[in-house]
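Right, one structure below, let's go through it.
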Amino acid sequence: MNRLHTLHILNKTPDHPRFSECLGTLGPDDAVALTENGVLGLVSSKALSSVQTYALAADLGARGLSEDNLGAAPIDYAELVNLTLQAERVISW
Amino acid sequence: MNRLHTLHILNKTPDHPRFSECLGTLGPDDAVALTENGVLGLVSSKALSSVQTYALAADLGARGLSEDNLGAAPIDYAELVNLTLQAERVISW
Amino acid sequence: MGMLIIIDQPPYGTWAGREALDMAFALAAFDQPVSLLFSGAGVNWLRKAQDTAGIEQKSVEKNLAAAPIFGIKAILADRAACERYNLDIKTMIDGAQLTDANAELMAQYSQAAFAG
Amino acid sequence: MGMLIIIDQPPYGTWAGREALDMAFALAAFDQPVSLLFSGAGVNWLRKAQDTAGIEQKSVEKNLAAAPIFGIKAILADRAACERYNLDIKTMIDGAQLTDANAELMAQYSQAAFAG
Amino acid sequence: MTHSTTHATTRTATPSFTLVITGAPYSSQAPQTALSFAKATVAAGHTIDRVFLYGDGVHLASALVAAPSDETHWPKRWAAFLEEHEIPGVACIASALRRGLVDGDEQKRYQLGANNLLKPFTIAGLGEWVEGNIKSTRTIYFHAGA
Amino acid sequence: MTHSTTHATTRTATPSFTLVITGAPYSSQAPQTALSFAKATVAAGHTIDRVFLYGDGVHLASALVAAPSDETHWPKRWAAFLEEHEIPGVACIASALRRGLVDGDEQKRYQLGANNLLKPFTIAGLGEWVEGNIKSTRTIYFHAGA
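Residue numbers (this note's numbering), protein chains in the order written: chain V, 1 to 93; chain P, 94 to 186; chain G, 187 to 302; chain X, 303 to 418; chain R, 419 to 564; chain F, 565 to 710.
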């Protein structure tokens with residue numbers, strides 16, 4: 001795995017101002033982990049950037065979203081914990 | 094005073110999705126009363142529509158905004174009460 | 187006429203939508219005419235096949251399905267919001283009707299309210 | 303390095319900004335390096351001449367003015383947000399610095415956090 | 419529709435209000451704005467039929483708030499206003515139980531160690547809101563901002 | 565900087581976490597997501613130094629929540645997890661007092677009629693958060709969504 005600078009944990013809907021604020025601070029070595037309502041970013045017309053994107057499978061399922069063809073890697077809570085340790089920094093939006 | 098159909102009480106910042114939702118449902122005989130953080134709509138680049146706009150003076154003052162040249166009529170709470178009775182309907186956003 | 191209860195937040199992330207639904211059910215229980223409008227990100231309430239096993243919350247799909255039985259007049263969904271969230275009549279639960287959340291729609295109701 | 307505390311909500315309407323400021327003061331009290339970043343609608347914290355007599359809340363201007371005295375390193379304001387809210391260095395309280403809230407800025411801090 | 423929100427009827431009688439507060443004190447400005455609105459309503463000679471607390475708004479009825487001495491104590495301020503003008507203040511029971519706000523009866527029913535409802539607030543169901551909505555000339559909502 | 569967030573040091577020892585919850589139960593999903601995260605952390609053999617409740621997150625420590633029988637009781641669920649793994653759960657005192665959450669000591673100090681802090685949660689200052697932030701490998705925040 002490449003260097004992971006900042007892991008951005010994003011739990012807001014794409015309509016929430018903090019969703020856009022988060023996208024505006026992504027660096028090339030960053031990754032986004034979508035949680036809670038943040039997973040709706042994968043079906044909205046608001047484009048997620050080209051950084052590596054993960055999404056909590058539990059939250060995808062609750063919102064009726066398939067784990068396939070969404071442009072994000074589905075993860076469980078254990079993988080989210082791992083990502084927070086792999087990253088040099090974590091920001092929760 | 095002209096017929097006042099719906100009074101929209103708007104207390105969200107212009108960045109909040111409900112601010113735009115409110116603007117999207119304004120009719121020609123409607124009026125907007127900006128309260129709390131809603132008064133920041135008067136200094137943001139997000140244009141308020143052409144309907145009659147009021148703003149609570151107490152909230153303008155708290156946020157360092159002048160009552161002049163803002164494109165809204167400053168009102169106190171008594172005037173807000175009056176507006177809710179003059180309108181046929183009131184929606185709080 | 188009657189009351190329009192508006193839900194503009196998705197389910198599960200916050201409780202505002204659940205509490206809006208309770209308001210609608212209460213009005214219906216007292217024979218007051220009431221409809222639901224899903225707007226903004228709230229349209230995600232209407233997506234089919236919500237599986238909440240992973241988050242230990244009850245699915246809201248059953249609650250919504252019960253709405254007509256309990257006397258709620260209509261389940262409306264803002265067309266533009268549905269498009270933004272890639273929802274169409276096929277991927278939405280049965281009984282939802284597409285509409286445009288604008289001044290004309292609002293004028294059909296004597297009151298409109300959010301739960302929070 | 304150190305912590306960047308981010309405030310993206312205006313004062314008075316919610317308590318999130320006040321509680322963020324308390325976090326910054328606590329860090330400074332324990333000699334941890336900390337700066338404040340005002341972004342989005344949060345830049346309205348920085349507008350001069352806030353008169354809170356009409357809403358019975360304490361003005362936050364004094365709290366902010368005390369920040370450097372208590373050891374907070376910098377008060378930063380996102381330039382684009384200031385422009386959106388018609389704020390410039392003349393209409394802002396003394397001591398605030400314009401910056402761009404982007405990846406380069408964030409990389410200068412070992413941690414960044416919101417209060418809520 | 420038996421609503422009294424139609425105009426011919428309401429303009430003649432004394433206007434009356436139901437106020438619904440859904441934002442919590444010390445988290446939103448909703449209880450403050452609502453109190454200023456309520457005071458102006460009473461000062462204008464109008465009636466407030468009831469104040470209904472819903473969602474996070476039920477925290478306004480907490481008897482255990484200890485606000486810093488230089489900040490306004492919103493629950494006490496609201497309680498004094500309600501008592502002075504003999505206005506019923508009602509917290510929605512479903513919202514209250516989930517959020518840890520109970521009176522003596524609910525304490526017994528759920529075998530809890532204490533109760534924390536501030537007088538003169540009471541706890542009741544959404545029927546109180548429905549009734550207020552039918553009876554009052556206007557129902558005005560005070561939500562949390564952002 | 566004495567932070568242990570630099571990597572050479574942290575990769576060798578057992579990773580440790582401070583979790584900060586700022587969203588309330590039955591209003592936000594934050595306490596639920598945080599509990600799932602916490603369980604996965606412990607299951608992976610990592611340490612949780614403490615859980616800090618801030619802002620509206622302090623409501624998670626209420627002893628008076630009576631959740632509907634078909635809904636998860638998040639305060640009890642969290643309390644059981646903290647006790648099982650002997651993890652300190654701390655509610656910020658400034659946030660708690662404003663929001664009507666008090667222990668026996670604060671009840672006496674402010675002459676209140678009851679206390680409502682759920683065991684094993686305790687009440688303390690922001691210094692606990694600062695200390696956790698310095699000591700732990702990672703501090704992870706769980707905010708209310710929207």
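Just so it is clear, CB atoms sit at the ideal spot from N, CA and C, and this is done for glycine as well.
If you measure from the CB of Leu-70(V), is any heavy atom of the ligand FMN nearer than 7 angstroms? Among the ligands in the structure shown, none appear at all, so the ligand FMN cannot be discussed.
* **Terminal residues of the alpha helix (DSSP H) in which Thr-568(R) lies** => Absent from the structure is residue 568(R), since the part of chain R shown begins at 419 and ends at 564.
Alpha-carbon to alpha-carbon, Pro-17(V) and Leu-223(G):
Their Cα atoms are separated by approximately 23 angstroms.
inquiry  = Under 8 angstroms: do the segment 401-408 of chain X and the segment 18-26 of chain V share three or more Cβ pairs, one atom per stretch?
reply    = Contact holds: three or more Cβ-Cβ distances are below 8 angstroms.
Within 8 angstroms of chain G by C-beta, residues of the segment 610-636 of chain F in sequence order: Correct list: Asp-634, Glu-635, Thr-636.
Chain X residues whose Cβ lies nearer than 8 angstroms to that of Tyr-730(F)
For chain F, the structure presents residues 565 to 710; residue 730(F) sits outside this window and is missing.
Review point. Any idea what DSSP makes of Leu-306(X), helix, strand or coil?
Key: Look at Leu-306(X) here: in three-state DSSP terms it is strand.
- Item | Contact the segment 464-483 of chain R vs the segment 510-520 of chain R: 3+ CB pairs below 8 angstroms | Yes, they touch.
The beta strand (DSSP E) enclosing Ser-221(G), as first and last residue numbers: From DSSP, the beta strand (DSSP E) with Ser-221(G) extends over 220-224.
Leaving out five residues before and five after Leu-139(P) in sequence, what residues of the same chain have Cβ atoms less than 6 angstroms from its Cβ? For the record, residue 139(P) in the displayed sequence is Lys; it is not Leu. Taken in chain order, the residues that qualify are Pro-107.
message: Whether or not the segment 331-346 of chain X and the segment 305-318 of chain X are in contact is what I'm after, with contact meaning three or more pairs of Cβ atoms, one per stretch, closer than 8 angstroms; do they touch?
response: Enough Cβ pairs lie closer than 8 angstroms, so yes.
- Task: Under 8 angstroms by Cβ, that's how I've got Arg-204(G) and Met-278(G) pegged, so tell me the actual separation to the nearest angstrom.
- Result: The distance from the Cβ of Arg-204(G) to that of Met-278(G) is about 19 angstroms, inconsistent with a contact at the 8 angstroms cut-off.
- Item | Partners in chain R for Glu-358(X), counting only beta-carbon separations shorter than 8 angstroms | In chain order: Gln-450, Thr-490.
task: Specify, as a first and last residue, the run of the alpha helix (DSSP H) that Leu-291(G) falls within.
output: Segment 289-293, the alpha helix (DSSP H) holding Leu-291(G).
Requested in this report: Please confirm if Asp-390(X) has its CB atom under 8 angstroms from at least one CB of chain V.
Outcome: Under the Cβ criterion of 8 angstroms, Asp-390(X) is not counted among the residues facing chain V.
How many Å lie between Ser-159(P) and Leu-176(P) at the Cα? About 22 angstroms.
Count the other CB atoms, across all protein chains shown, that sit within 10 Å of the CB of Pro-28(V); report buried if there are 16 or more and exposed otherwise. So Pro-28(V) ends up on the exposed side.
Note down, in chain order, each residue of its chain lying with its Cβ closer than 7 angstroms to the Cβ of Ala-426(R), except the 5 sequence neighbours on either side. The predicted model places Ala-426(R) with a pLDDT of 42, which falls under 50 and marks its position as unreliable; any figure quoted below should be read in that light. Sequence-distant Cβ neighbours of Ala-426(R) in its own chain, meaning closer than 7 angstroms and more than five residues away, do not exist here.
| query | Does the distance from the C-beta atom of Met-325(X) to that of Leu-690(F) stay below 8 angstroms? | reply | Yes, the pair counts as a contact, with Cβ atoms nearer than the cut-off.
query = Who are the neighbours of Arg-233(G) on chain V, taking C-beta pairs under 7 angstroms?
reply = The answer, in chain order, is Arg-63, Gly-64.
Cα-Cα separation, His-421(R) to Leu-190(G):
Bear in mind that the predicted position of His-421(R) carries a pLDDT of just 43, short of 50, making it too unreliable to give a figure here.
Which same chain residues end up closer than 8 angstroms to Ile-511(R) when comparing Cβ atoms and leaving out the 5 residues on each side of it in sequence? For Ile-511(R), where only same-chain residues beyond five positions count, the Cβ hits under 8 angstroms are Glu-524, Ile-541, Ala-542, Gly-543.
- prompt: Count the other CB atoms within 10 Å of the CB of Met-292(G); is the residue buried (16 or more) or exposed (fewer)?
  reply: It is buried - the Cβ of Met-292(G) has at least 16 other Cβ atoms within 10 Å.
Q. Among all the DSSP beta bridges, which residues are the ones paired with Asp-380(X)?
A. Secondary-structure assignment with DSSP links Asp-380(X) through a beta bridge to Thr-401(X).
Below 7 angstroms between beta carbons is the criterion; list the residues of the segment 75-91 of chain V that meet it against any residue of chain G, in chain order.
For chain G, none of the residues of the segment 75-91 of chain V brings a beta carbon within less than 7 angstroms of one of its beta carbons.
*asked:* Considering only DSSP beta bridges, list what Leu-232(G) is partnered with.
replied: None, per the DSSP bridge assignment.
| message | Would Trp-547(R) and Ala-253(G) qualify as a contact pair, given that the criterion is a beta-carbon distance under 8 angstroms? | response | No, the Cβ-Cβ distance between Trp-547(R) and Ala-253(G) is not below 8 angstroms.
Exercise. Looking only at DSSP bridge pairs, what is Ser-434(R) linked to?
Worked result: Answer is Thr-465(R), bridged to Ser-434(R).
Opposite Leu-471(R) in the DSSP bridges: which residues? Per the DSSP secondary-structure output, Leu-471(R) pairs in a beta bridge with Ile-439(R), Ala-509(R).
### Message
Distance check for Glu-502(R) and Lys-12(V), CA to CA, integer angstroms please.
### Response
Cα to Cα, Lys-12(V) sits roughly 43 angstroms from Glu-502(R).
Establish whether the CB of Val-666(F) and some CB of chain R are separated by less than 8 angstroms. Interface flag for Val-666(F) against chain R is set, since a Cβ pair is found closer than 8 angstroms.
According to DSSP, what are the bridge partners of Ile-558(R)?
DSSP, once it has assigned bridges, lists Leu-437(R) as partnering Ile-558(R).
- Counting contacts by CB-CB distance shorter than 8 angstroms, is Gly-57(V) in contact with chain G? The question names Gly, but residue 57(V) in the sequence shown is Ala. The C-beta of Ala-57(V) comes closer than 8 angstroms to at least one C-beta of chain G.
TODO: Kindly list the residues whose CB is nearer than 6 angstroms to the CB of Ser-185(P), restricted to its own chain and excluding five residues on each side of it in sequence; keep chain order.
DONE: Sequence-distant Cβ neighbours of Ser-185(P) in its own chain, meaning closer than 6 angstroms and more than five residues away, are Ile-102.
Next item on the list: If I'm right that Arg-63(V) touches Leu-34(V) with Cβ under 8 angstroms, what's the distance once you round it to whole angstroms?
Entry: Contact doesn't hold; Cβ gap of about 11 angstroms is too wide.
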